[in-house]
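Peer 1: First residue of the sequence shown: 50, per my numbering; consecutive thereafter.
We treat Cβ as the ideally placed atom computed from N, Cα and C, and that holds for glycine.
Remember, predicted model here, so these are calculated numbers, not experimental data.
Here you go, one structure.
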Amino acid sequence: MKLNPKCAPYEYTECYVNFWLWAIIPAIQIIVGTCGNVINIVVSSRKRMRKYSTSVYLICLALSDIFFLWTSAFAMMLQQVFYIDLWQKYPFFCHTLSWMNYTLGGYSAMLVAMMTVERLMMTTLIAFSKAKLTPRNSVIIAVVIFIFCGAFPIHHVFLTEHTVRYNNTNYTNESSAVCNPVSLAFDQFRRHEWHILVLLILNVVPMITILVSNAGIVMAIFAQKRRLRKIHVNTEPTSNYHEKRMKPLAKMLLLVSLFFICTTLPYTLFMAVKVNIDVSTPLARARRDLVESVLMFILYTHFTVNFLFYFIAGTLFKTEWKRLCAEILGKIRWFQRIVNTPET
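This is how it looks when you write it as structure tokens:
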């Protein structure tokens, strides 16, 4: 791997730290996130899990996280480490890469918010939830959310243009591809107002929804506990069963929700104020770029380790994972017995 030429001629430490962080961290996040989310898809797609509407959101969330890691983290790693800028080099990515990143990032945020809203309804409106919160309705909701998230940044597709510039120097025709906004007005919009809109629509709105829903879930659980102390002992087993079933689900969603807020809010806040950060000197620019990179790695962590919370707090998910592992081991042992059985 060649030394980073972008650090010349000043050779600031911040620049080299930034380079090596991009060379190491995204690769780990992509591998872990892809493998973990594939496991999530496999487990959530099993027959026993498909009965629950939450499994639809978990599958969509895993798919969104996988694609985001590859369209954002992998693309940025190519740019920062190997100097392959997909935005500038290929017309297709010039028009679609930013759109894909905002769509997938927003979709992931909205799905987490939707899961907390659904869990609140299952905690407070039990009869309604049993009738309406079905896997089929969850598919419809997931599709509607995706359409909204795809429409929100659609201007990136139509308001960017890919052009090739030719530089006639030393009797040679040198060309370079560039991806630019179609107008100065759109360039100003995407540098200023757009990041504020992203902060509000794709972060603050889901965050408020998540906080309010989780607060409602906690209050509903405490209210159920108070009612349990007053009801007759004959009805207690059923109530206890419902309470035991709700606790792991509520705990899992609380962990996912808090992790979402902690990992996404810093970066979106930074992008909203980035244009106001002083970069009048090369050192100031190097420091700003390093801070931005660290916040991006924190953001990517949200898309990388979501699946771990399902193992930590998702009782049904853990049970189904153990059954899947047992089935796989059983098939391996069966295959070994077939192979080792001598022919007669």
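Output needed for Asn89: all residues of its chain with C-beta closer than 7 Å, excluding positions within five of it in sequence on either side, in chain order.
Peer 2: Excluding positions up to five away in sequence, the list reads Leu107, Ala111, Phe356 and Tyr359.
Peer 1: Is DSSP giving Arg214 helix, strand or coil here?
Peer 2: If DSSP states are grouped into helix, strand and coil, Arg214 belongs with the strands.
Peer 1: Can you name the residues that DSSP bridges to Ala176?
Peer 2: Per DSSP, none; premise fails for Ala176.
Peer 1: Exposed or buried, what is Leu153 when buried is set at 16 or more other beta-carbons lying within 10 Å of its beta-carbon?
Peer 2: So Leu153 counts as buried.
Peer 1: Val166: which of Val87, His204, Leu249 and Ile266 sits nearest, CA to CA?
Peer 2: Cα-wise, what sits closest to Val166 is Ile266.
Peer 1: Am I right that Cys64 and Ala333 are in contact with their C-beta atoms under 8 Å? What's the rounded C-beta distance?
Peer 2: Wrong, their Cβ atoms sit about 12 Å apart, outside the cutoff.
Peer 1: Would you give the residue range spanned by the alpha helix (DSSP H) that Arg95 belongs to?
Peer 2: That residue, Arg95, is in no alpha helix (DSSP H); it is neither H nor E in DSSP.
Peer 1: Cβ of Ile196 within 8 Å of Cβ of Met256?
Peer 2: No. Outside cutoff.
Peer 1: Applying the criterion that 16 or more other CB atoms from any shown protein chain within 10 Å of the CB defines a buried residue, is Lys55 buried or exposed?
Peer 2: The residue in question, Lys55, is exposed, as its Cβ has fewer than 16 Cβ neighbours within 10 Å.
Peer 1: Beta-carbon within less than 6 Å of His244's beta-carbon, same chain only, minus the 5 sequence neighbours each way: which residues are those?
Peer 2: Answer for His244: Met320 and Ala321, listed in chain order.
Peer 1: What do you reckon, are the CB atoms on Ile270 and Pro315 nearer than 8 Å?
Peer 2: No, the Cβ-Cβ distance between Ile270 and Pro315 is not below 8 Å.
Peer 1: What is the residue span of the alpha helix (DSSP H) that Arg337 lies within?
Peer 2: Where Arg337 is concerned, the enclosing alpha helix (DSSP H) stretches over Pro331 to Thr353.
Peer 1: Would you kindly work out how many angstroms separate the C-alpha atoms of Val188 and Val247, rounded to a whole number?
Peer 2: C-alpha separation (whole angstroms): 25 Å.
Peer 1: What does the alpha-carbon distance come out to for the pair Leu378 and Thr312?
Peer 2: Roughly 36 Å between the two C-alpha positions.
Peer 1: Tell me which residue opens and which closes the alpha helix (DSSP H) that Asp114 is part of.
Peer 2: Element bounds for Asp114: Ser102 to Phe117.
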